[in-house]
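Working notes for the structure below.
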Amino acid sequence: MSSPTAERAKVSVHVFVNRKKVELETNVVTGAQLLQAAGFEGQHWDLLKLQGEGDPTGGEVILADRELRLKDGDRFRVIPGNRTFGA
């Protein structure tokens, strides 16, 4: 039986954040860790998981402390958290 620590060891995965390929050494990260790996600093970003490149729903909001189990090719969008579209 494997432990959670063993599960995180040496599993390389690549995902796309705002169409940019991001390589990770583990497939288990939090939303905050994924944002950081993609180069987004601070807490003023919203992370959305997409169903695919042309996701008509706009994506599912991922909270910073939510654990993600990533698969190669997963797609995400990052937008400013302080947005005021049309205001």
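Heads up: take any position in the sequence shown, counting from 1, add 1, and you land on our numbering.
Don't be surprised by glycine CBs; every beta carbon is placed ideally from N, CA and C.
Exposure of residue i, with buried meaning 16 or more beta-carbon neighbours within 10 Å
| i | result |
| --- | --- |
| Asp66 | exposed |
| Gly32 | buried |
| Asp75 | buried |
| Lys50 | buried |
| Leu48 | buried |
| Ser4 | The pLDDT assigned to Ser4 is 49, lower than 50, so where the model puts this residue is not dependable; a value taken from the coordinates is nonetheless given after this. Under this definition Ser4 is an exposed residue. |
| Ala39 | buried |
| Val12 | exposed |
| Leu64 | exposed |
| Phe77 | buried |
Proximity of residue i and residue j at Cβ, strictly below 8 Å
| i | j | result |
| --- | --- | --- |
| Glu61 | Val29 | no |
| Val101 | Leu36 | With the chain covering 2 to 88 only, the question about residue 101 has no answer from this structure. |
| Asp73 | Val23 | no |
Residue i, DSSP secondary structure in three states
| i | result |
| --- | --- |
| Leu36 | helix |
| Val12 | coil |
| Pro81 | strand |
| Arg20 | coil |
| Asp47 | strand |
Bridge-paired residues (DSSP) for residue i
| i | result |
| --- | --- |
| Thr31 | Glu68 |
Any non-hydrogen atom of the ligand ADP closer than 7 Å to residue i Cβ
| i | result |
| --- | --- |
| Val23 | No copy of the ligand ADP occurs in the structure displayed, which carries no ligand at all. |
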